[in-house]
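Have a look at the structure below, then the notes.
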Amino acid sequence: MSSNLLDRRTFLTRAALLGGVAAGASLLAACGKGGGSLQCTDTAGLKPDEAATRTNLNYVDASTDPAKACNGCSLFVAGPEGACGSCPIVKGPINPNGACASWVKKA
Ligand code: SF4
Numbered sequence: 273m274s275s276n277l278l279d280r281r282t283f284l285t286r287a288a289l290l291g292g293v294a295a296g297a298s299l300l301a302a303c304g305k306g307g308g309s310l311q312c313t314d315t316a317g318l319k320p321d322e323a324a325t326r327t328n329l330n331y332v333d334a335s336t337d338p339a340k341a342c343n344g345c346s347l348f349v350a351g352p353e354g355a356c357g358s359c360p361i362v363k364g365p366i367n368p369n370g371a372c373a374s375w376v377k378k379a
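Listed below in structure tokens is the structure:
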């Protein structure tokens, strides 16, 4: 085996590994996970009335009052670790640190 072939094989192996890492990072970013702050703002799949309810209840992705964030609301349904959760009255992805006008203290 020539050293030229070995260098080529090493290069291809490293390129494949880097490609896998890049693909994984893209997937995490697409589902709202990953290094940065969690974003639960993709409402593209909502029906117009669901989107309107989200707006009318003043849902925000980051509560101005951490004591009244979604993760402390009795209606919040947590998602997997580091992912958006859900809510029975505000459809779409719900940020654990978000809030809306219908916040009810978790018992
Ligand atoms: S009711 Fe409002 S505050 Fe409570 S989980 Fe749903 S969106 Fe968050």
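Using the numbering used here, the letters of the sequence shown map in sequence onto residues 273 to 379. Just so you know, even glycine gets a beta-carbon here, dropped at the ideal spot from N, CA and C. Note that this is a predicted model, so its numbers are computed, not measured.
Subject >> Segment limits, alpha helix (DSSP H) that includes P320 >> reply: 320-328
Subject >> Alpha-carbon to alpha-carbon, D314 and P368 >> reply: 15 Å
Original post:
Are three or more beta carbon pairs between the region 326-346 and the region 358-367 nearer than 8 Å?
Top reply: yes
Original post:
Looking only at DSSP bridge pairs, what is A371 linked to?
Top reply: V332
Original post:
With DSSP run on the structure shown, which of helix, strand or coil describes G351?
Top reply: coil
**OP:** Output the distance between the C-alpha atoms of C312 and T327, rounded to the nearest integer angstrom.
**Re:** 14 Å
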